[in-house]
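Asker: Pasting in a structure now, in C-alpha cells, and then I'll have a few things to ask.
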Amino acid sequence: MQEEAHADWLKWMKEEYIPAMLDTGKFTKALMTKVLSKEPMGGITYSVQYTAESMAYLKTFYVEDHANMVAKTTIFKGKIVEFSTELQVMDEQ
Numbered sequence: 002m003q004e005e006a007h008a009d010w011l012k013w014m015k016e017e018y019i020p021a022m023l024d025t026g027k028f029t030k031a032l033m034t035k036v037l038s039k040e041p042m043g044g045i046t047y048s049v050q051y052t053a054e055s056m057a058y059l060k061t062f063y064v065e066d067h068a069n070m071v072a073k074t075t076i077f078k079g080k081i082v083e084f085s086t087e088l089q090v091m092d093e094q
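The structure is reproduced here in C-alpha cells:
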C-alpha cells in the first residue's frame with residue numbers, strides 16, 4: 002500500500018468496507034492485523050480475515066456479493082494491492 006493512502010484506506014476499511022462485508026450476512030467476524038515484518042518492496046501491509054460458518058456461505062458470498070465488494074475498492078485503484086486466499090482452520094486452541 003502506498004503510504005500516502007494509508008490513513009484514508011485504514012479509516013475506510015474500519016468504518017465502511019469491513020462493516021459492509023459483515024452486513025452481507027455471510028461472515029460471522031472479521032480480524033484485521035498489521036504485518037510487522039518489513040516488506041522487501043516497502044509499504045504497509047495488512048491482513049483482513051473474514052470467518053464464514055461454512056463453505057456454502059462463502060460460495061453464496063461469491064455469487065451474491067463479491068462483485069459489489071470488489072467494485073467498492075476501485076477508489077484506491079493503483080494505491081493498494083489486494084488478493085484473496087481461502088483458508089481452512091485446522092485447529093484452534
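FYI, the numbering for the sequence shown is 2 to 94, going by the numbering used here. All C-beta atoms, glycine included, are put in the ideal place defined by N, C-alpha and C.
Sort Asp-92, Met-91, Val-71, Tyr-63 by Cα distance to Gly-26 and report the nearest one.
Answerer: In the sequence shown, the residue the question calls residue 26 occupies position 25. Per the Cα distances, Tyr-63.
Asker: Put Val-71 into one of helix, strand or coil per three-state DSSP.
Answerer: Against the sequence shown, residue 71 aligns to sequence position 70. Here Val-71 sits in helix by DSSP.
Asker: Let me know the beta strand (DSSP E) ranges lying completely inside the region 11-38, each 3 residues or longer, listed in chain order.
Answerer: Within the region 11-38, the complete beta strand (DSSP E) runs of at least 3 residues are 30-35.
Asker: What residues in its chain sit with their C-beta under 7 Å from that of Asp-66, if we drop five residues either side in the sequence?
Answerer: Stepping through the sequence shown from its first residue, residue 66 is reached at position 65. For Asp-66, where only same-chain residues beyond five positions count, the Cβ hits under 7 Å are Thr-25, Lys-27.
Asker: Rounded to whole angstroms, what is the Cα-Cα separation between Ala-68 and Phe-77?
Answerer: Reading the sequence shown from its first residue, position 67 is the one you call residue 68. Reading the sequence shown from its first residue, position 76 is the one you call residue 77. Cα to Cα, Ala-68 sits roughly 16 Å from Phe-77.
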